[in-house]
Every structure is written in C-alpha cells, then in structure tokens.
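Asker: Input: one structure, supplied below.
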Amino acid sequence: MDYEACHPAKIVRYRDPAEMAAAYPASAVHYESHGVVVLEDCGIGFDREFIGGLSFAPSWKKIGTINGLTDPPLVMRSGKLVRTANPLCASIGDDVLLLKLYSELLRLELEFKLLVARVLPGYWDATWGNCTFRFTRTENEAIHLDSFQDGKPTPPKFHRPRLKLFLNVDAEPRVWNVGPTLPDLLRLSEGELGAELPTNVNVLCARINASGILSKVRTVRVEIPPRGIVFANGATVVHQVVYGNRMVCLEGLAPKSALQPSSICEWDAARSWIEEAGYAAAPDEAPAATSGHGVAAA
Ligand SMILES: [Fe+2]
C-alpha cells in the first residue's frame, strides 16, 4: 500500500443552503466523485434547547423512522385519542412531552428531506430509507467503510447511488476523521488485498475493513459545526467518528438517472476499480435474502 500517495478524500464547505444551491451541479459532481461536503449551517429550524437536552438509551443508538418514530403517536378511535405503536409512546407518559418530541423529530425529518431537494435538486425523488435520531454519545469509532448484513452481498435492487447525510443537532461540533476514497484505496493498495476481490460493494467494503490497511491510511480531521450537515457516501469514503453527541442521519438511494453526466454509480464502477488496480474480480456470490442494507427496499 502506498500510504504516502493515498490522500484523504477532498472536502468542500458551503456556509449555508443558498451558497450550496448556487454551486449546483458542481456540488453534486463532488459528492458523486466520493468527495465530502460540509454545509456549515443548514438553516433547519428545531428547538435547540429541547433537542440539546435529549439523550436516548444505548439500545436506541440508531432508532429512526423505520421503527415508527415519526409515525403519529396519537390517533382517533371511536371518538377518543389513543396511543399508537410509535416507540415514543411506551417511553413517555406525559402527552404534552410526547407530542413535543414527536413534532420536533417530524420537522427535523421533513425539513432535512426538503433541504436535500433544494441543495441537490437532482435527488428530489430519492428513495428515502431510514432517518435515524442518534441522541447517544459516540466516541472513537473504528475507521471503516460502511458495510451491512455482516458483509453479505447486497441484492441488485439496492445497487443504486447511495445518499448518506448527517445533521449535527448537538450544541458542540461533531468530529470526524476522513480517509481516502474507495477507488484511491484500491488503486494504491499494491496488491495488499489479495489476488481477487468481490465486485459487490458491500462485500468489498467488509473485506477492506477486515484487511487492516485502514488503520494506517492518512486521514484529515473534520469538524461539523452545530446545525451543520456532512454529505459523504460512507461506502466510498473511509471515515471514523471521533466524537459526536446528537445527530440525525438521513439515508437513501438516488435514481441512477439523477447522477451528473460525468458520474458513475459505485455499483457499476467497482469492477473496473478492482481490475484497474491489478486484482481479479471474484465470481459473484448469491445475495443476502433479506433487506437491511442501510436503506429501505426500493
Ligand atoms: Fe459509517
């Protein structure tokens, strides 16, 4: 591995949504070429004092919309308001507090999605997966590329450009280390990853995570300020959370037709990245039978 030549992914910063929207489509080209975008103040409205005082139990570390957290907690049944299966209902006895928290989570989710349509308009009809509310302290995570389902092959219906966006809703900056891009890592790995590599990105990322090379790659420290958003495809940009306290993560899949003309979906590019780096492409394995690859079923 040529660690000296393997630079961290490029990072572009925008002050606010107006500046980021004005930069389109260069902002999309940057994201789609495995760059990192930091939007310093997303302008999304939320009750900062209220959100800043929330803490979820460790078992709720990645709880989100697929768990029903922004489903209505109260519905009318036979003339009476009754509680629903929204997990907040079982945790909060007070109706006012329940509705307050629900309303804050719902507006964070909706404003986040509207913001994406404004600053990256090509993704306006993205298939949104989970929106997680991570109100649990995180520190010194292992450096990695995102991989799900124990590194099993992701089924073809999920082979679309991946969107992964993190909104810092804490009062303190969120701190990341950003490492190299997946194509740079392969190109400069000098055969250290074995003779052949899987072309399924989920399997490939798991293989690289297990290889040990990520512990030695060069990284750059990035601070995401309060109310800032970081846009980074965690499957193609090596990353590590150094510190973070409260964050909202929005995941989705873009249609391939939304990509900029110069961009290639990582699922279509993986084979050529592998072969151009001097590896053989391994025969495909059967995909995992279940979903849960970081996105909802398309
Ligand atoms: Fe990650």
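All residue numbers for the sequence shown refer to my numbering, where the first residue is 83 and numbers rise by one. All residues carry an ideal CB built from backbone N, CA and C; glycine is no exception.
(1) Is the segment 343–359 touching the segment 288–298 in the sense that three or more CB pairs, one from each, lie closer than 8 Å?
(2) Between E221, E348, P280, S339, which has its C-alpha nearest W206's C-alpha?
(3) Which whole-angstrom value describes the C-beta separation of V319 and A91, a residue pair presumed to lie in contact below a C-beta threshold of 8 Å?
(4) Kindly indicate the opening and closing residues of the alpha helix (DSSP H) around R328.
(5) Taking the alpha helix (DSSP H) that W385 belongs to, which residues open and close that run?
(6) Taking 8 Å as the cut-off, does the segment 307–318 touch the segment 253–272 (at least 3 CB pairs, one atom from each stretch)?
(7) Please report how far the alpha carbon of T166 lies from the alpha carbon of A364, in whole angstroms.
(8) To the nearest angstrom, report how far apart W210 and S229 are at their CA atoms.
(9) Can you tell me whether A336 is buried or exposed, with buried defined as 16 or more other CB within 10 angstroms of its CB?
(10) Can you list, in chain order, every residue whose CB sits closer than 6 Å to a heavy atom of ligand 1?
(11) Determine, using beta-carbon pairs with one atom in the segment 118–128 and one in the segment 146–159, whether at least three such pairs fall under 8 Å.
(12) Please list the segments of the beta strand (DSSP E) lying wholly inside the segment 141–229, counting only runs of 3 or more residues, in order along the chain.
(13) Going by other Cβ atoms of all chains shown within 10 Å of its Cβ, with 16 needed for buried, is D266 buried or exposed?
(14) If we count the other Cβ atoms within 10 Å of its Cβ and call it buried at 16 or more, is F132 buried or exposed?
(15) On the DSSP bridge list, what partners appear for E333?
(16) Hey, how far is the Cα of H393 from the Cα of E272?
(17) Using the three-state DSSP reduction, which class does E114 fall into: helix, strand or coil?
(18) Can you tell me whether DSSP reads P308 as helix, strand or coil?
Answerer: Straight from the coordinates:
(1) With the cut-off at 8 Å, the segment 288–298 and the segment 343–359 do not touch.
(2) Per the Cα distances, S339.
(3) Their Cβ separation, rounded to whole angstroms, is 5 Å, which keeps V319 and A91 in contact under 8 Å.
(4) No alpha helix (DSSP H) contains R328, which DSSP labels as neither H nor E.
(5) In the structure displayed, the chain extends from 83 to 380; residue 385 sits before or after that span and is not available.
(6) Judged by Cβ distances under 8 Å, the segment 253–272 makes contact with the segment 307–318, as three or more pairs qualify.
(7) Approximately 48 Å between the Cα atoms of the pair.
(8) Taking the CA atoms as reference points, W210 sits about 18 Å from S229.
(9) Answer is buried; the Cβ neighbour count reaches 16.
(10) Here the residues come out as H226, D228, G316, H321.
(11) Cβ pair count under 8 Å is below three, so no.
(12) Segments of the beta strand (DSSP E) lying fully in the segment 141–229: 156–159, 162–165, 209–216.
(13) Here D266 is buried. Its C-beta has 16 or more other C-beta atoms within 10 Å.
(14) By the 10 Å Cβ count, F132 comes out exposed.
(15) Here E333 is bridged, per DSSP, to K246.
(16) Residue 393 is absent from the model: the chain starts at 83 and stops at 380.
(17) In the structure shown, E114 falls within a helical segment according to DSSP collapsed to helix, strand and coil.
(18) Of the three classes helix, strand and coil, the one that applies to P308 here is coil, per DSSP.
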